[in-house]
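**Q** Numbered per this note's numbering, the sequence shown spans residues 6 to 151.
Cβ atoms here follow ideal geometry from the backbone N, Cα and C, with glycine treated the same way.
Okay, here's the structure, questions in a sec.
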Amino acid sequence: EVIDPLGAQPKRLDFSSFNPLADPDFCYYDNGLLKSVKLGDLHSHEFFRLLSLCHTVMSEEKKEGELMYKAQSPDEGALVTAARNFGFVFRSRTPGTVTVTELGRPVTYTLLAILDFNNIRKRMSVIGIHIHAYALTQARTHLDIQ
Numbered sequence: 006e007v008i009d010p011l012g013a014q015p016k017r018l019d020f021s022s023f024n025p026l027a028d029p030d031f032c033y034y035d036n037g038l039l040k041s042v043k044l045g046d047l048h049s050h051e052f053f054r055l056l057s058l059c060h061t062v063m064s065e066e067k068k069e070g071e072l073m074y075k076a077q078s079p080d081e082g083a084l085v086t087a088a089r090n091f092g093f094v095f096r097s098r099t100p101g102t103v104t105v106t107e108l109g110r111p112v113t114y115t116l117l118a119i120l121d122f123n124n125i126r127k128r129m130s131v132i133g134i135h136i137h138a139y140a141l142t143q144a145r146t147h148l149d150i151q
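Here's what the structure looks like:
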């Protein structure tokens, strides 16, 4: 829990007005990060996009908008849930794709490889591509050079 040096009670953020797919049990108190996501900060978006993609969590949709996550570790589940509340909602996985709803827009990424966590690397990695995003990045880079 956040301790306010002035003695005021910390106010829990309400994500439901920003994101209808938010987990109602998620507790977060600092408005700064949510504000940067709402303002379109590219680094914040990339951070939460990567949290929503790089994991081994499985999702189950009981009914529209009611997602249940099954994670191998509590850490992994917490990171995917955080991304979900900030607008980058992991929806589903197939052997070759990951589907995420990014700020209300469904996006499917093609998985090229998954490098599982191991004790030597101390991390897991996902190598994937989103063709439309790649094309836009290349077009922007080309325009910046000219």
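Please work out which residues of its chain come closer than 8 Å, Cβ to Cβ, to Asp149, disregarding the five sequence neighbours upstream and downstream, and give them in chain order.
**A** A caution first: Asp149 carries a pLDDT of 45, below 50, which makes its placement in the model unreliable, though a value can still be read off. There are no such residues.
**Q** Out of Tyr74, Ile125, His48, Arg126, point me to the one whose CA is closest to Leu26's CA.
**A** With distances taken between Cα atoms, Leu26 lies closest to Tyr74.
**Q** Please name the residue, chosen from Ile119, Ser21, Leu56, that lies closest to Val85 on a Cα-to-Cα basis.
**A** For Val85, the nearest C-alpha among the options comes from Leu56.
**Q** If we ignore side chains and look at the alpha-carbon of each, how far apart do Lys43 and Arg54 end up?
**A** Their backbone Cα atoms lie some 14 Å apart in a straight line.
**Q** Exposed or buried, what is Gly45 when buried is set at 16 or more other beta-carbons lying within 10 Å of its beta-carbon?
**A** By the 10 Å Cβ count, Gly45 comes out exposed.
**Q** Applying the criterion that 16 or more other CB atoms from any shown protein chain within 10 Å of the CB defines a buried residue, is Ala88 buried or exposed?
**A** With 16 or more Cβ atoms within 10 Å of its Cβ, Ala88 is classed as buried.
**Q** If I follow the unbroken beta strand (DSSP E) through Ala118, where does it start and stop?
**A** Here the beta strand (DSSP E) through Ala118 covers 110–120.
**Q** What do you reckon, are the CB atoms on Thr102 and Thr115 nearer than 8 Å?
**A** Closer than 8 Å, so yes.
**Q** At the level of alpha carbons, what is the spacing between Leu38 and His60?
**A** Cα to Cα, the separation comes out at about 22 Å.
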